[in-house]
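Visitor:
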Ligand SMILES: [Fe+2]
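Residue numbers (our numbering): 36 to 343.
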């Protein structure tokens, strides 16, 4: 079995609490979960993005947390870029990638093989849903491109509103790379876990928020891109995922209340956000040849999805 840890939306900031988000508490929560993660037998830990709320000084503080837990507790971190990660001073935006050990454009993949089962091989396809966005733009050209892309995704079904500016979009180059990488994984008999900051899908009965109580009475398909919670071109991404049988999991953060759903044989897990979960939350994820198991800790629910 392959096992890794998952943490989402620390959103640390030296800031007073707003809308139920206790930014300062994230340091203590991180240290508690990192202590538990360091004692577990895992391959790596995945940060699903929004590790800080804003400002370079907070980003540097979180980098120290990752650094200390790597150096002294032996945790290997992998990072997914979130929208808040780019809410830093203009001249620091280009340094966000490097601070997390990444290179622009910030998407990548890697393979993990099960030491006990040669047939159990999982490719992680890590997306950058902020690639085209105003908040991550470093130049006038990038900003203009983001404006045009946002305009292209005007929500004709919702008063013709522009999609939320705090989400972004994947470039055609990134979508082509996803298509290519999934085709190779199909050919190689690998399972794939797609990791993004932005969720795509949930079943409404799993939504855990007072705002969604009514929706959870019946079980509806929730497509986050239709609600303006996902990347602007989330529908294009879902179309690509639908074409590839290798995709078994889509793992995300961003929506702090978390959610779950199985669609087209793919387990869609949105991890709860640490900053807005008083009890703290993290998860261990087990990957088997024919199953994915989310072993949620504290406020994070557990899930199990078996597939052919
Ligand atoms: Fe986010």
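Just so it is clear, CB atoms sit at the ideal spot from N, CA and C, and this is done for glycine as well. Every value quoted in this text rests on a predicted model; they were computed, and no experiment measured them.
Would you mind listing the alpha helix (DSSP H) stretches within the region 120-157 that are 4+ residues and don't spill past its ends, in chain order?
Guide: 131-134
Visitor: Roughly how many angstroms lie between the CA atoms of residue 338 and residue 87, to the nearest whole one?
Guide: One-based indexing of the chain shown puts residue 338 at position 303. One-based indexing of the chain shown puts residue 87 at position 52. In a straight line, the C-alpha of residue 338 is about 27 Å away from that of residue 87.
Visitor: DSSP on residue 201, reduced to helix/strand/coil?
Guide: Taking the chain shown and counting its residues from 1, the one referred to as residue 201 is at position 166. The answer is coil: DSSP assigns residue 201 none of H, G, I, E or B.
Visitor: Of the choices 129, 156, 152, 187, whose alpha-carbon is the least far from that of residue 170?
Guide: Taking the first residue of the chain shown as 1, we reach residue 170 at position 135. If you compare the alpha carbons of 129, 156, 152, 187 with that of residue 170, the shortest gap goes to 129.
Visitor: Within 10 angstroms of the Cβ of residue 172, are there 16 or more other Cβ atoms? Answer buried if so, exposed if not.
Guide: Against the chain shown, residue 172 aligns to sequence position 137. With 16 or more other Cβ atoms within 10 Å, it is buried.
Visitor: Closer than 6 Å to a non-hydrogen atom of ligand 1 - does that hold for the CB of residue 120?
Guide: Here residue 120 is taken as the residue at index 85 of the chain shown, counted from 1. False, no ligand heavy atom lies under 6 Å from that Cβ.
Visitor: Beta carbon of residue 117: closer than 6 Å to some heavy atom of ligand 1?
Guide: The count along the chain shown starts at 1 and reaches residue 117 at position 82. Yes; taking the cut-off as 6 Å, the Cβ of residue 117 has a heavy atom of ligand 1 nearer than that.
Visitor: Could you give the first and the last residue of the continuous beta strand (DSSP E) run that contains residue 282?
Guide: Residue mapping note: residue 282 aligns to position 247 of the chain shown, counting from 1. Here the beta strand (DSSP E) through residue 282 covers 282-287.
Visitor: The beta strand (DSSP E) that contains residue 239, what's its start and end?
Guide: Against the chain shown, residue 239 aligns to sequence position 204. First-last for residue 239: undefined, no H or E at that position.
Visitor: What residue ranges within the region 152-232 form continuous alpha helix (DSSP H) runs of no fewer than 4 residues, ordered along the chain?
Guide: Qualifying alpha helix (DSSP H) stretches, in chain order: 175-187, 207-223.
Visitor: According to DSSP, what are the bridge partners of residue 79?
Guide: Position 44 of the chain shown holds residue 79. Residue 79 is bridged by DSSP to 39.
Visitor: Comparing C-alpha positions only, which one of 327, 322, 325, 316 sits nearest to residue 336?
Guide: In the chain shown, the residue the question calls residue 336 occupies position 301. Answer by Cα proximity: 316.
Visitor: Please work out which residues of its chain come closer than 6 Å, Cβ to Cβ, to residue 143, disregarding the five sequence neighbours upstream and downstream, and give them in chain order.
Guide: Here residue 143 is taken as the residue at index 108 of the chain shown, counted from 1. So the list reads 161, once near-sequence residues are dropped.
Visitor: Counting pairs of beta carbons, one from the region 259-272 and one from the region 200-220, are three or more of them closer than 8 Å?
Guide: yes
Visitor: Starting from residue 341 and walking both ways along the beta strand (DSSP E), at which residues does that stretch end?
Guide: Counting from 1 along the chain shown, the entry for residue 341 is found at position 306. Looking at the DSSP string, the run of the beta strand (DSSP E) that includes residue 341 is 338-341.
Visitor: Can you confirm whether the region 149-168 touches the region 112-132 when touching is taken to mean that 3 or more C-beta pairs between the two stretches lie within less than 8 Å?
Guide: Yes, the region 112-132 is in contact with the region 149-168.
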